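Notes to accompany the following structure.
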Amino acid sequence: MRPDPLSDAAARRHELTRAKAIQALRELDRAGTPVTFAGVAQAAGVSRSWLYTQPDLSDQIRRLRKDTDGTGGAGTIPAGQRATSASLRARLTAALDRNKQFADENARLRRQLARALGDQRSARLRSGNDPGC
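Under this note's numbering, the first residue of the sequence shown carries the number 119, and numbering increases by one thereafter.
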């Protein structure tokens, strides 16, 4: 029985396509890029529908997608639990107010320290023990 050149070519093309998809999958994962069917398809130059027909590749994409989406596979946060713009603005305003309080307190403590160091130096000068003389 003679080898079928068309079947051989199709098998080689299939293996080359699989190799490109696996390589793209590894590179996306290594780079920390979110792994999606669209991303792998684009990086490998294959169609998304072809990826879905490859059980091992589609399983790996789904697993890596869960690992890299930051939610552990829980999906997105439900709308009712998301922070609103108003609440984020309120939190930002509170944080800015607190930072202003810290800056004011820091300035007050610096003035106190400068006065204390000045008093300490004055006391050394009066007693004649100032090493800076």
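All C-beta atoms, glycine included, are put in the ideal place defined by N, C-alpha and C. Bear in mind that the values here come from a model prediction, so they are computed numbers and not experimental data.
For residue i, which three-state DSSP category applies?
i           : result
residue 201 : coil
residue 247 : coil
residue 237 : helix
residue 215 : helix
residue 123 : helix
residue 190 : With a pLDDT of 47 at residue 190, under the threshold of 50, the predicted position of this residue should be treated as unreliable, though the coordinate-derived value follows. DSSP places residue 190 in coil when its eight states are reduced to three.
residue 196 : Residue placement at residue 196 is flagged as unreliable, the pLDDT there being 47, under the threshold of 50; the coordinate-derived value follows with that caveat. In the structure shown, residue 196 sits in coil (DSSP, three-state: anything other than H, G, I, E or B).
residue 132 : helix
Do residue j and residue i have their beta-carbon atoms positioned less than 8 angstroms apart in this structure?
i           : j           : result
residue 156 : residue 165 : no
residue 176 : residue 169 : yes
Buried or exposed for residue i, please, with buried defined as at least 16 other CB atoms from any protein chain shown within 10 angstroms of its CB.
i           : result
residue 162 : buried
residue 139 : buried
residue 143 : buried
residue 235 : exposed
residue 146 : buried
residue 194 : Because residue 194 sits at a pLDDT of 45, beneath the cut-off of 50, its placement in the model cannot be relied upon, and the following sentence gives the value as read from the coordinates. Per the 10 Å Cβ criterion, exposed.
Query raised in the report: Which ranges does the beta strand (DSSP E) cover as unbroken runs of at least 3 residues, wholly within the stretch 141 to 174, from first to last along the chain?
Result: For the stretch 141 to 174, not a single whole beta strand (DSSP E) run of length 3 or above is found.
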